[in-house]
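Take the sequence shown: its letter number 93 is residue 93 in the UniProt record's numbering, and every next letter is one higher. For every residue, glycine included, the Cβ atom is placed at its ideal position computed from N, Cα and C. Working notes, structure below.
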Amino acid sequence: MEHHCCPIDDRSRVGHALPTRQLAQLARALADETRLEILTLLVEQNQPICVCHLVERVPVGQPTVSHHLRLLRQAGLVTVERRGTWAYYQATPLARLLLERLSEAIHWPVMA
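Structure, rendered in structure tokens:
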């Protein structure tokens, strides 16, 4: 069936140039207010932060914080370092870049 409304250019690279699976994972990771709050804290601190300190700063319990951190790690937005029984998380350069660009896009100057 031929359509004449507005054809798509066959040279278009949409779907081929963008890593859509990775972008979708990043979008899901950023689509939660608590995860954004955790990620913003990690970006602002610019050093590894113990989970116990994150729990003190967000309005959810430790198991929920750990769940959010796992999703952020899977998306490549944080790294984890074990120090004995403690887990320390740090934002990745990708996380910093994404938050900076999002802040610029919505004119929200919260990033230092």
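When the Cα of residue i is compared with those of the options, which residue comes out closest?
i	options	result
A24	L72, V43 and C6	L72
L97	E33, V80 and N46	N46
G61	R83, V80 and I38	I38
residue 158	E33, A105 and V51	Look at the range of the chain in this structure, 1 to 112, and you will see that residue 158 is not part of it.
A31	P93, R21, Y89 and H68	H68
E33	R83, P59 and P93	P59
Compute the beta-carbon to beta-carbon distance between residue i and residue j, rounded to the nearest angstrom, for a pair I have assumed lies under 8 Å.
i	j	result
A87	V43	Not really, about 18 Å apart at Cβ, beyond 8 Å.
V80	V65	Actually they do not touch by this definition, with Cβ atoms about 13 Å apart.
I49	L36	With 8 Å as the limit, I49 and L36 do not qualify as a contact, their Cβ atoms being about 15 Å apart.
A95	V78	7 Å
Alpha helix (DSSP H) segments (min. 4 residues) lying fully within the UniProt domain "HTH arsR-type" (15 to 112): 20 to 30, 33 to 45, 51 to 57, 62 to 74 and 93 to 105
Three CB pairs or more closer than 8 Å across the segment 101 to 108 and the segment 63 to 77: no
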